[in-house]
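Numbering-wise (UniProt numbering), the first sequence opens with residue 1 and increments by one.
Yeah, the Cβ is synthetic: ideal placement off N, Cα and C, and Gly gets one too.
What follows is one structure encoded as structure tokens, with my remarks underneath.
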Amino acid sequence: MSTDSAMLSDDNRPATSSPNGHANGKNGTSATEQLSDEEEIPLSQVTRTPYSSAQPPRQKRKRAVYYESSSEDDTPLASSPLKPSSDAVTKPGAINATTVPASLVNGKGKGKAVKEEYTECETPDDAPSKAKVNANGRSKRPARKKAKHDDDDDDDEAVSDSGDSTPPTKKKRAVPRKRKAKEQSEPEPESEDDAPVKKPSIQRATKKVKKEDGGGATSEVDASKPKKRGTKKEKEGKEKGKGKNKKEEEEEEVFRWWEVGGGDGSVKWKTLEHNGVIFPPPYEPLPLDVKMKYDGKEVDLPPASEEVASFYAAMIETDHAQDATFNKNFFDDWKKVLKANPPLNGTNIVSFELCDFSPMFQHFETEKAKKKSLPAAEKKELKKARDDMEAKYTTCLLDGRKEKVGNFRVEPPGLFRGRGEHPKKGALKFRVRPEDITLNIGKDAPIPVPNMPGKWKAIQHDNTVTWLANWTENINNSHKYVFLAAGSSLKGQSDMLKFEKARELKNHVDRIRQNYNTDLRSKVMADRQRATAMYFIDKLALRAGNEKGEDEADTVGCCSLRCEHLTLESPNTIVFDFLGKDSIRYYNQVPVDPQVFKNIRIFKENKEDEDALFDRVNTSSLNKHLTSEMKGLTAKVFRTYNASITFQKLLDEKEEELKNATLQEKLNAYNHANRLVAILCNHQRAAPKTHDQSMEKMRYKYRSLKYERMKMRHALFALDDSYKSDDKYADDESEIDDDWITTHEESMRGKDMEKAEKKFEKDNEKLIEDGKEPHGQSVLDSKIKAIKDEYKRLAKERGTKKAKSNKTAEKLEEAIEKLGQRIKAFKLQMVDRDAGKEVALGTSKINYLDPRITAAWCKTHDVPIEKLFSKTLVTKFPWALEADAYWKF
DNA sequence: TTTGAAACTTAGAAGCGATGAT
DNA sequence: ATCATCGCTTCTAAGTTTCAAA
């Protein structure tokens, strides 16, 4: 099928580009007309495209055609002219690393899209176009048919299309991008004295720190420490340290980079030493008695094929194995491996359905169990051995300082676990070998030796980047990098910069909002669309939304929204429903500014569901514009800004209220604010498997509380009829009915009797121990009888609205009041828990909430930071924890 | 321009170990 | 002490942004 023209023909109108010139007709006039605000909104025109969550229709997508079809793996490689020669591209290293020849599995070389241009022929009056069509009838680029410039000219005279006011570019011309440098041993940054690297003093903002149990950390100060910050602490530390045994002398150097300044600029380090990466152990064939079956018979697989089979076998109980795409991709790739490494007993594996991997699966399960049941001491030993082995890879020397490395373990081979409807999920991910890996390391540093046979692909010394190693992965031909850990100075610095940039937005956001609000009425379509997109990004914290390719899951962000993703509901509500990053559904019904509502209606006019909503906007033009509004401003800064500012505001609102609150109440308030931000950013998680069950438990407890309350009310009535007319004691137990009460009482009765028996036994044991006479059976019997009688009485009471109690009316009133509070609180807790079951708080905490907000809040409310930040977060944000109580985002 | 490589941040799932209930 | 739960850590996929090459 290679690029069949067949496919081309089927739906090939220039799709996307809203054929009938939505907006452009001739960009000029018509655009102007269409943009007039006054027009009416024929509601009937409003498109409604309900589709249910997970599966957006995307037939049109296949028009891809312009790209090499990825499904043609089986066609002879070299043949198609459209196909880049795979040989040329295949990474040598990937081959037979794991014994699986890359060339076997990876039909095509780079999934590089070979694209043709589409010469548009419709709508002649349209802008000169070359709209590239693509996917869902959308083009790799949005199907915009015009180029912004065209608009300008034509689109209503005047209105100088802002489009190009050149943004204040920084003539800085930073150090040349490494791209070229990478070839290999880069030529060393040409003396570039002007390179903005001022890190003179930086060298020594180091302190020696001893770990103390007490949590206080600091101690003696490195002589060269520059600033005087934190002296007090140091002194204290010193004293304490004195008394303390020196043994723990494992003082770590703590580089207080945030006190030094500098750091920006493109040179990231002066010297860099590291030990490379760890490769996973080679494949170990299964014991001879563990064999998968094909058509009921055991198959004798050579190791290479067995390994791939085992990847799948380990997953047969997961959802992945239920997925058709996943299975197909796995099987296709596996067959290629099998072809080169056929079963030794001649089995010809052609049908996936006939494969039975369960013997392998069982084997893995027993192995797992074995490991688990190992004595603790042995487990510990194993772990120690592993840690020792890995130790040297966990850190590196950056400008002479020890820093933690993040992902020093090379990703093991396996089956690609793409999210959502990723067309390649299940495909075989090759074993990575030294030949695949490029190391980035200081010029004078010794070159590490790989822990498996082989030679590094290349060594480079590029100090303008932060990675230590990288390789190209075979599924999507993207790059994988080994970076420093989140707690390292390099990551910390850029993290801090990120938040500072977001804070800077505070000073510009009013103006920016004003501008885009004005532009919502712009007569230039491109501007109006951009303004509308900005409105969404700002208000709803949507992501920028780059275009995606054919061989990726169909997900969108702001700029790549399609008409089908928005539904209008008069008078001014927009319903968003689309799959965003990681194929997480974004569903939101929001009332919007009437002008935005109107705009969306206009943008959708004359377009198909699968056409781009913002056909004149893309992330690049959007960001270009944003940068012109504020230096360094991009779409994602809005997310950071809005998340943090919202969080700060929410916490501030509760400040007074929390003055005398308990610790738990404070934590709740914090988590509540955190949750609202997570919702804003649409951070979801799969509801815990046990959620329903635990909700059920809570509901039961809730009812039990209601039952108690009812009993007390009734007791009150029994004492004095007049309570019945008091609203305070009106029936409030709608969630419990007679049946439930019956069951509940029976269950309590059972429990009470059990309890009595247990107690009886225990008492007797005790008596015997003490050398006394145990109670006889009659004691228990009479207790049981008492319980039975009690429940008989309760049964009689049922429905009478009377109950017995030995409390006085006053006591009852009090107890009811208290119970009422408890019920309310519990109900809240339930609702909260249910509401939060699908909300992930972690992501915003790690990436979006300025940690200084939390640090300051903890100081204000006297909450230990450990209650809110896990150990990793504490080490990730050392620069933030010193913020004082008054610090505000 | 447009495309896509490169580099870095953000993301949820899976794995794992601590902790609390029984 | 054992088991279930839960929260944290690890893993790696999936985004964004920038810039050079075509």
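- Nearest Cα to Met452 within the set Pro282, Asn345, Lys501 and Ser570: Pro282.
- In terms of CA proximity to Ser570, Pro594 leads the group Cys563, Pro594 and Asp436.
- Just so you know, the alpha carbons of Glu810 and Ala715 end up roughly 12 Å apart.
- In the structure shown, Leu566 falls within a strand segment according to DSSP collapsed to helix, strand and coil.
- Taking Gln829 as the centre and dropping the five residues before and after it, the same chain places the C-beta of Met698 closer than 8 Å to its C-beta, in chain order.
- About 7 Å separates the Cβ atoms of Lys636 and Ala544, confirming a contact at the 8 Å cut-off.
- For Thr518, no beta strand (DSSP E) segment is defined; the enclosing uninterrupted segment is the alpha helix (DSSP H) at Val509 to Asp519.
- Phe499 is positioned such that its CB atom lies closer than 7 Å to that of Asp850.
- Annotated three-state conformation of Ala544 is coil, per DSSP.
- Judged by DSSP in its simplified three-state form, Trp456 adopts coil rather than helix or strand.
- Excluding residues up to 5 positions away in sequence, Lys182, Trp456, Lys457, Ala458, Ile459, Gln460, Ala469, Asn470 and Trp471 lie with their Cβ nearer than 8 Å to the Cβ of Thr438 in the same chain.
- Each residue's CA atom was taken as its position, placing Tyr723 and Tyr702 some 24 Å apart.
- Of all C-beta pairs linking the region 675-683 to the region 838-847, three or more are shorter than 8 Å, placing the two stretches in contact.
- Annotation for Arg793: Lys804 place their beta carbon closer than 8 Å to its own, counting only its chain and skipping 5 residues before and after.
- Residue state for Thr640 is assigned as helix, using DSSP reduced to three classes.
- Assignment of Lys339 by DSSP, reduced to helix, strand and coil, places it in the helix class.
- A straight line joining the alpha-carbon of Gln777 with that of Lys762 spans about 13 Å.
- With respect to the 7 Å criterion, Arg749 and Tyr729 are not classified as neighbours on the basis of their beta carbons.
- The alpha-carbon of Glu773 is positioned some 21 Å away from that of Lys755.
- Ranked by Cα distance from Asp289, the first of His363, Gln514, Lys766 and Lys604 is His363.
- In this structure Lys666 touches His861 by the C-beta definition: roughly 5 Å separates them, less than 8 Å.
- The beta carbon of Phe279 sits closer than 6 Å to those of Val410, Asn451 and Met452, all from its chain and outside the five residues before and after it, given in chain order.
- Secondary structure of Val596 (DSSP, three-state): helix.
- Excluding residues up to 5 positions away in sequence, Ala541 lie with their Cβ nearer than 6 Å to the Cβ of Arg639 in the same chain.
- Beta-bridge annotation (DSSP): Val482 is paired with Ala469.
- Within the model, the alpha-carbon separation for Tyr886 versus Ile645 is close to 15 Å.
- Excluding sequence positions up to five before and after Leu633, its CB lies within less than 7 Å of the CB of Leu505, Leu626 and Thr627, all in the same chain and listed in chain order.
- For His508 and Lys631, the gap between their C-alpha atoms comes out near 10 Å.
- Ranked by Cα distance from Lys876, the options Gly406, Leu780, Asp399 and Gly426 are led by Gly406.
- Note that the region 546-560 touches the region 409-428; at least 3 beta-carbon pairs, one per stretch, sit closer than 8 Å.
- If you ignore the 5 residues before and after Asn327, its C-beta comes within less than 8 Å of the C-beta of Ala321, Phe352 and Gly426, all in its own chain and listed in chain order.
- Taking C-beta atoms as the reference points, Phe536 and Cys558 count as a pair closer than 7 Å.
- Take the alpha-carbon of Ala502 and the one of Pro285: they are about 53 Å apart.
- In this chain, the alpha helix (DSSP H) harbouring Val779 covers Gln777 to Glu797.
- Sequence-distant partners of Leu881 (beyond 5 residues in either direction) whose C-beta falls short of 6 Å from its own C-beta, in its chain, are Ala855.
- Residue environment for Lys291: buried (at least 16 other C-beta atoms within 10 angstroms of its C-beta).
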